[in-house]
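Heads up: the sequence shown runs through residues 3 to 147, numbered per the working numbering.
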Amino acid sequence: MFGFFGPKAKYSTFSWWENFMSGHINIGKRITIYGENAMHWAINIRTKKYGVICFTLPVRTFGKYWGCHIYFSPNGTPWASTYYKSIWKENNYKEEVRAKIRKANFGHNFDTDHNRAKLRALNGKFDSLVIYDFEVEKYSKANAN
């Protein structure tokens, strides 16, 4: 919770501002606003159709900008997202492609616990969208035979 909404743990390594704004606040059962923490000033909205719609705000967190993005995820994490769009951050095209592939395989708001092994395999399969020389050689040899 934010410092002024209730009891708050104080961390000696954080500044006053970090201690004050590092929690979250719930508005009803479906909306959560996160402060300066691992969620990087985010707003989560829970829906039945898309799971959690999460978007980060374009605000400095931990001394730098982390980008601004929106994603739909069944469990509120980018690694399970089925829609992902980002601005201000490089190389997020990979995550956008992965989200489209996850949506094609699982649909929106799928059960991440039941599909955990499949999801991890799918995410590991597309960890890089760069073509490497050894891959070109491998497939060139396969087509030559």
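We put the CB at the ideal spot given by N, CA and C, even for glycine. This one's a predicted model, so the numbers in the text were calculated from it and none came from an experiment.
Linking residue 51 to residue 109 through their CA atoms gives a straight-line distance of about 10 Å.
The DSSP-derived three-state label of residue 53 is strand.
Residue burial is scored here from C-beta neighbours: residue 67 has fewer than 16 other C-beta atoms within 10 angstroms and is therefore classed as exposed. In this structure, the beta-carbon distance from residue 94 to residue 71 falls below 8 Å. Judged by DSSP secondary structure, residue 28 falls within the beta strand (DSSP E) whose first and last residues are 26–29. Looking at the backbone, the Cα of residue 37 and that of residue 60 are separated by about 12 Å.
Ranked by Cα distance from residue 115, the first of 54, 82 and 126 is 82.
For residue 74, the enclosing beta strand (DSSP E) has its first and last residue at 70–75. The DSSP assignment places 95–108 as complete runs of the alpha helix (DSSP H) inside the region 84–126, in order along the chain (cut-off: 4 residues).
At the C-beta level, residue 80 and residue 111 stay beyond 8 Å of one another.
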